[in-house]
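So the protein lines, in turn, are chains A and B. This note's numbering runs 258 ahead of the 1-based position in the first sequence. This note's numbering runs 5 ahead of the 1-based position in the second sequence. Backbone N, C-alpha and C fix where the C-beta goes; we use that ideal spot for every residue, glycine too.
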Amino acid sequence: EAAVTQSPRSKVAVTGGKVTLSCHQTNNHDYMYWYRQDTGHGLRLIHYSYVADSTEKGDIPDGYKASRPSQENFSLILELASLSQTAVYFCASTGGAEQFFGPGTRLTVL
Amino acid sequence: GDSVTQTEGLVTLTEGLPVMLNCTYQSTYSPFLFWYVQHLNEAPKLLLKSFTDNKRPEHQGFHATLHKSSSSFHLQKSSAQLSDSALYYCALRNSNNRIFFGDGTQLVVKP
């Protein structure tokens, strides 16, 4: 079965600090995505990638960077974390028609 | 551009009653449509997806029919169960493999 893992599963960060969220997939999928989900809101696309060493901006890229060093790994970087970035972050990969999600990372910025 | 609209933010109904969650979409080309379900504190997972061979997708008692004429892909179930309480997303995949999610519909099934 397709597998997407994320680390850390939860994190508390300070305002202005740097945060890196990591995602790893063993599905051999080309496409990977980062979403954020806020309480009571839907999924919003931050960045995505369709090949290693290349990333694309999604709908809400401001304040986030992404890195795809290999097909298996896709990171989301918050250079200067802000209170408004407190949310749950999901990574996903796509193979064929279906999108497979990781378990999520709960980020709290204080 | 491509987009998905789910008009209901919250649907509350009694166990045993039928379920219908609305989804309409806008797309330049013929997209794939999906329904994802997310239970509390879990990740979204695929519930069902549209096919091009006129077969109606079904899973766990849920079904949806793609109507290109009305650009709709409503989710239905004949009898709601308590365990169906969850957040449901309608999604679209376009020809560039970009996926667009609706805002989600929270389904609450009460005894």
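Secondary structure of residue i, DSSP reduced to three states
i	result
A/Ser342	helix
B/Leu112	strand
B/Ser88	helix
A/Val272	coil
A/Cys281	strand
A/Gly353	strand
A/Ala324	strand
Status (buried if at least 16 other CB within 10 Å, exposed otherwise) for residue i
i	result
A/Ile318	exposed
A/Ala209	Coverage of chain A is limited to positions 259 through 368, which leaves residue 209 of chain A absent and any answer about it impossible.
B/Lys54	buried
B/Pro49	buried
B/Lys82	buried
Residues that residue i contacts on chain A, provided the C-beta gap is smaller than 8 Å
i	result
B/Ala48	Phe348, Phe359, Gly360, Pro361 and Gly362
B/Tyr94	Gly300 and Leu301
B/Asp108	His299 and Gly300
B/Lys54	Ala355 and Glu356
9 Å Cβ cut-off: residues of chain B touching residue i
i	result
A/Thr352	Arg98, Asn102 and Ile104
Chain-ordered chain B contacts of residue i [CB-CB under 8 Å]
i	result
A/Tyr289	Asn102
A/Tyr308	Asn102
Residue-level contact to chain E via CB, residue i, 8 Å cutoff
i	result
A/Glu330	Of the protein chains in the structure, A and B, none is chain E.
Strand pairing of residue i, partner residues [DSSP]
i	result
B/Asp34	Before going further, note that residue 34 of chain B is Tyr rather than Asp in the sequence given. Paired residue(s): none; B/Tyr34 is not in a bridge.
A/Thr263	A/His282
Contacts of residue i in chain A (Cβ-Cβ under 7 Å)
i	result
B/Phe37	Ala355
Quick one: any contact between the segment 23-39 of chain B and the segment 73-82 of chain B, if contact means 3 or more CB pairs under 8 Å? The count of Cβ pairs closer than 8 Å, one atom from the segment 23-39 of chain B and one from the segment 73-82 of chain B, reaches three, so the stretches are in contact.
Contact the segment 323-343 of chain A vs the segment 300-312 of chain A: 3+ CB pairs below 8 Å: Contact between the segment 323-343 of chain A and the segment 300-312 of chain A is present, because at least three Cβ pairs lie under 8 Å.
The segment 27-36 of chain B touching the segment 347-359 of chain A, judged by at least three CB pairs closer than 8 Å: The segment 27-36 of chain B and the segment 347-359 of chain A do not touch, with fewer than 3 CB-CB distances between them shorter than 8 Å.
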